[in-house]
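Everything on this sheet refers to the single structure shown next.
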Amino acid sequence: MSQIHIIDHPLIQHKISLLRDKNTGTKEFRELVAEIANLICYEATRDLPLKEIEMETPLAVAKTKVISGRKLAFIPILRAGLGMLDGVTSLVPAAKVGHIGIFRDPDTHEPVTYYSKLPDDIAERHAIILDPMLATGNSAVAAITELKKLGVTNIKFMCIICSPEGVENVQKTHPDVEIYAGVMDEGLNEDKFIIPGVGDAGDRIFGTK
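Note that this note's numbering gives residue 113 to position 113 of the sequence shown, counting from 1, and the numbers run on in steps of one.
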């Protein structure tokens, strides 16, 4: 069973509270999403492998460490996942970025994949999928499935708010994928939105509603 990591750092919890406020405007909401993503990414990358190298400082030769082995790729799920991208790439500027476009059918609530563009060497990379909300988990499952078809073996899913239903869906379908989130909310309403949540994260990030 995949692990769920709730990153309960005070800064993350404070910023999520500001996200929830219905009076938080588009600019501030977008900035908060990026900041929270940055903080959660710090924890999600904690187990990256290191190797020791020698490097000359102005005073001596130092034995020091750099990230080794596979490199990172960030995969935002369009479109709300784009809101997290600046926050994570500011931590790992050399990471490659892929995109998976998935929308939720308004009648069936099932995911429909309409776009996929990923780095050529994606199978050789650690992949972190980005989406602010893990609601039903169907989009997350579809994105993970897409990556596995391409040979990716090391996948994490990173969100800001998750629901118990979404976590259970991912854990049942992809038990090898670790989930990193800022908070777990009560559950889903009849329209499959997270309660209390933040509303439609994509609309609030891009000001489309």
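Every residue, glycine too, gets a C-beta built ideally from N, C-alpha and C.
Model, not experiment: these values are computed from the prediction.
(request) Could you work out which residue in 164, 45, 82, 17 is closest to residue 132 when comparing CA atoms only? (result) 82
(request) Have a look at residue 18 and residue 12 and give me their C-alpha separation to the nearest angstrom. (result) Distance between the alpha carbons of residue 18 and residue 12 is about 10 Å.
(request) Whole angstroms is fine: what's the gap from residue 65's alpha carbon to residue 39's? (result) 22 Å
(request) Pull up the distance between the alpha-carbon of residue 207 and that of residue 10, whole angstroms please. (result) 27 Å
(request) Determine the direct distance from the alpha carbon of residue 144 to that of residue 62, and round the result to whole angstroms. (result) 40 Å
(request) Put residue 116 into one of helix, strand or coil per three-state DSSP. (result) strand
(request) Kindly say whether residue 164, judged by its beta-carbon, lies nearer than 8 Å to any beta-carbon of chain B. (result) Looking at the structure shown, chain B is missing, and only one protein chain is on hand.
(message) Taking its Cβ as the centre, do 16 or more other Cβ atoms sit within 10 Å of residue 94, making it buried, or is it exposed?
(response) exposed
(request) Would you kindly check if the distance between the Cβ of residue 101 and the Cβ of residue 37 is under 8 Å? (result) no
(request) Return the CA-CA distance between residue 204 and residue 117, expressed in angstroms with no decimal places. (result) C-alpha of residue 204 to C-alpha of residue 117: approximately 25 Å in a straight line.
(message) Just verifying my parser: in three-state terms, what is the DSSP assignment at residue 172?
(response) In the structure shown, residue 172 sits in a helix (DSSP, three-state: H, G or I).
(message) Tell me the rounded alpha-carbon separation between residue 139 and residue 59.
(response) 52 Å
(request) Taking residue 87 as part of the alpha helix (DSSP H), name the residues at either end of that continuous run. (result) 82 to 89
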